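Under my numbering, the final residue of the sequence shown carries the number 183; numbering is consecutive throughout.
Quick notes on the structure that follows.
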Amino acid sequence: MRTTSPSPLGIALATALTLSTFACGEVKRPDGGEGLLPVGAKAPDLEGRARGGKTLRLSAADDKVKVVYFYPKDGTPGCTKEACAFRDAYARFEKANVVVFGVSRDSQESHDAFLAKHDLPFYLTADEAGTVVKAYGVGSTLGMPSRVTFVVGRDNKIKKVFPDVDPAIHADEVLAAAAE
């Protein structure tokens, strides 16, 4: 039996087709809208857990501005850089009365390890089913959420959306927007 190797073009086409089945364009949200929640929309509630098991619901932090940042996966280089940038700026977030929630589809066990390993002082939401990701209209690739951040006001309405994020400088951008 003679076998032949696939051509580079065939490999590229197969890869593109495979990846396109896992990536999505505009996300259909539970509220019937499509794409990212817009400025002025009510932020869907979520619950995060910090080191030591302390939990906080977004809706219970009415006296604070909230940052809800979505990221692909605990422990990956870009996600670690972004989380550590929020950690390094966290004293300034607290001084500005801002609470931070990170959201990914990782398990709570993964989040607990990520929080401990990098000494993260904020809350992480384990959205294994993707319901929070979908409620905010955040796209996914290969089952992992895109890197998007929402700044939520004290009235629980979205003040600012960052749809394209550079993990290295993002914490400073978000802090400036939260302080506006």
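Every residue, glycine too, gets a C-beta built ideally from N, C-alpha and C.
Small disclaimer: the values here were computed from a predicted structure and weren't measured.
- Around the C-beta of R150, 16 or more other C-beta atoms lie within 10 Å, and the residue is accordingly described as buried.
- In terms of CA proximity to G78, D109 leads the group D109, V135 and Y93.
- Here DSSP, grouped into helix, strand and coil, assigns L123 to coil.
- Exclusion of the five residues before and after G38 leaves E29 and G140 as the residues of its chain whose Cβ lies within less than 6 angstroms of its Cβ.
- The three-state reading of DSSP puts Y139 in coil, since its state is none of H, G, I, E or B.
- About 6 angstroms separates the beta carbon of F125 from that of Y93, a gap short enough to meet the 8 angstroms contact definition.
- Looking only at P41, K160, A138 and T134, the smallest Cα-Cα distance to A64 is reached by K160.
- At a Cβ-Cβ threshold of 8 angstroms, P33 and A88 do not count as neighbours.
- Residue K98 holds the alpha-carbon nearest to the alpha-carbon of V68 among T83, K98, L40 and D91.
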